[in-house]
Amino acid sequence: MPRPKSNREIEAMRRMIQQHLQERALATPPMLMDVHLDEDALNAFVEGRLSEPESAPIIKHLVACGYCRQATSQLVRLETETGIAAAAATSPTPVVSPQEEPGRIRRLLEDLASRVLLSSEEETVFAYHAPAEDFKPRDEAGANKESSGEDETAGKQNDSDSSTK
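If you read the sequence shown in the numbering used here, its first letter stands for residue 997, the second for the next number, and so on.
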């Protein structure tokens, strides 16, 4: 078990992190806060209508601009929710269609949205991890099956030998 960190160690780590973040902020070119991506560009980006060369400057802007990241993540969530609602409203029975594999940009946006938008308490999911000792390793499970199979075949042979005598 690792030893608990002292306040001095924690403060030293905080200073190192703060220094690293300040260095990164200085390395990033300053952006004017008044300059944000327009809604049409964000919408086209979220819907995947832009080619890679067209989306590259938008991605660079999203990396540097928290406001546009937030707006983009909200657009992704809105599009996802309205797409699900529209599909449910148009057909009473769910239509099974092969799902298109999301593009690289779409996966990036969905990951970004999941990190930026915090879930409410009602949407929080808790996972339970069972300890590894609850499960039998495959080698042991396979060995048990094989040995029980050998015992059954040996028992069948003994039965057939005794019935022939």
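The C-beta atom is built at its ideal place from N, Cα and C for all residues, glycine as well. Quantities reported herein were computed from a predicted structural model and do not represent experimental measurements.
Residue closest to residue i, alpha-carbon to alpha-carbon, out of the options
{"i": "Phe1041", "options": "Arg1102, Gln1018, Arg1011", "result": "Arg1102"}
{"i": "Glu1035", "options": "Thr1078, Glu1077, Gln1070, Arg1011", "result": "Gln1070"}
{"i": "Cys1064", "options": "His1016, Thr1078, Val1031", "result": "Val1031"}
{"i": "Asp1107", "options": "Thr1078, Leu1017, Gln1066", "result": "Gln1066"}
Range covered by the alpha helix (DSSP H) that runs through residue i
{"i": "Val1042", "result": "1035-1043"}
Within 8 angstroms, strictly: CB atoms of residue i and residue j
{"i": "Leu1038", "j": "Thr1068", "result": "yes"}
{"i": "Ala1109", "j": "Val1059", "result": "no"}
{"i": "Gly1062", "j": "Gly1099", "result": "no"}
{"i": "Leu1074", "j": "Ile1054", "result": "no"}
Buried/exposed call for residue i, threshold 16 Cβ in 10 Å
{"i": "Met1009", "result": "exposed"}
{"i": "His1057", "result": "buried"}
{"i": "Ser1002", "result": "exposed"}
{"i": "Ile1006", "result": "exposed"}
{"i": "Ser1047", "result": "exposed"}
{"i": "Ile1013", "result": "exposed"}
Reduced DSSP secondary structure (H/G/I, E/B, other) of residue i
{"i": "Val1031", "result": "coil"}
{"i": "Gly1062", "result": "helix"}
{"i": "Leu1046", "result": "coil"}
{"i": "Gly1099", "result": "coil"}
{"i": "Ser1002", "result": "coil"}
Closer than 7 angstroms: residue i CB and nearest the ligand HEM heavy atom
{"i": "Ser1002", "result": "Of ligands this structure carries none, so the ligand HEM is not represented either."}
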